[in-house]
Amino acid sequence: MTFAYSDVDLSKIIGALRIDGNNFSIYYLDGTVSTYVCTDEDEKQKIKDIMLKQAMERQATYDINALDMRNKLSIIGFLWAIFGTSFSIVEKQPFFLGLNTYLLCSSIKTHSETKGKLKELKKYKMFLELLDNLKDINSGLSENELPLDIDTLDDFSYGEVKSHYKYYKPKDKPKLII
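The numbers in the numbering used here rise by one with no breaks, and the one at position 5 of the sequence shown is 40.
Okay, here's the thing in structure tokens:
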């Protein structure tokens with residue numbers, strides 16, 4: 036997870052989990068790292084359960100459709116600003132040139148902020164819908180292949196998760212429009 040939701044303590048939100056033998060490293064979204072040694076067999080599952088809970092809580096706080104609409108509007112604003120800037124240059128209108136330049140910069144900033152969030156939210160939404168299919172998805176993996184799970188999800192691209200989703204999506208749930 037690369038970002039959280041509002042009104043949450045970032046020092047409690049797990050961004051990544053790395054395990055090497057009995058050495059656990061938990062990376063939090065505030066930039067801190069907790070490293071410790073643990074021999075408890077259930078420790079990894081306990082942390083993964085926390086990560087799943089946090090992912091579900093984050094998904095519940097974001098409206099993917101609203102974020103998608105914001106992203107599309109930023110693209111429209113960008114195109115409008117390009118047109119307006121060109122017109123302002125040709126017509127030698129410095130006020131409108133400044134206004135359109137502001138709109139252009141604002142549109143680019145909004146698009147870059149929402150595009151990454153949107154992709155990650157969609158990836159996590161698909162993953163959460165595939166939880167019951169993880170055993171099937173991960174069966175037959177070679178020793179060098181990474182299993183799809185909450186602690187490895189950020190290592191998978193949006194396209195890889197989407198591919199699994201298309202193949203394994205739950206049949207009883209409506210299709211997620213992406």
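Cβ coordinates follow ideal geometry from the N, Cα and C atoms, glycine included. The structure displayed is predicted, hence computed values, not measured ones.
In the structure shown, A39 adopts coil according to DSSP, grouped into three states. Per DSSP, D55 is not a residue of any alpha helix (DSSP H); the beta strand (DSSP E) it occupies stretches across I49 to D55. The Cβ atoms of L156 and Y97 sit closer than 7 Å to each other. The residues F59, in chain order, have a CB closer than 8 Å to that of E78 in the same chain once the five nearest residues on each side in sequence are set aside. Look at F191 here: in three-state DSSP terms it is coil, with no helix or strand label. The region 139-199 is shown to contain whole alpha helix (DSSP H) runs of 4 or more residues at 169-173, in chain order. For T149, the CB contacts under 6 Å within the same chain, skipping 5 residues up- and downstream, are L102, R105 and N106 in chain order. Counting only residues of its own chain and dropping the five nearest sequence neighbours on each side, F162 has a CB closer than 7 Å to the CB of L188 and V196. Per DSSP, the unbroken alpha helix (DSSP H) holding T120 starts and ends at I99 to E126. Here T74 is near N57, since their CB atoms are less than 7 Å apart.
Residue state for T67 is assigned as coil, using DSSP reduced to three classes.
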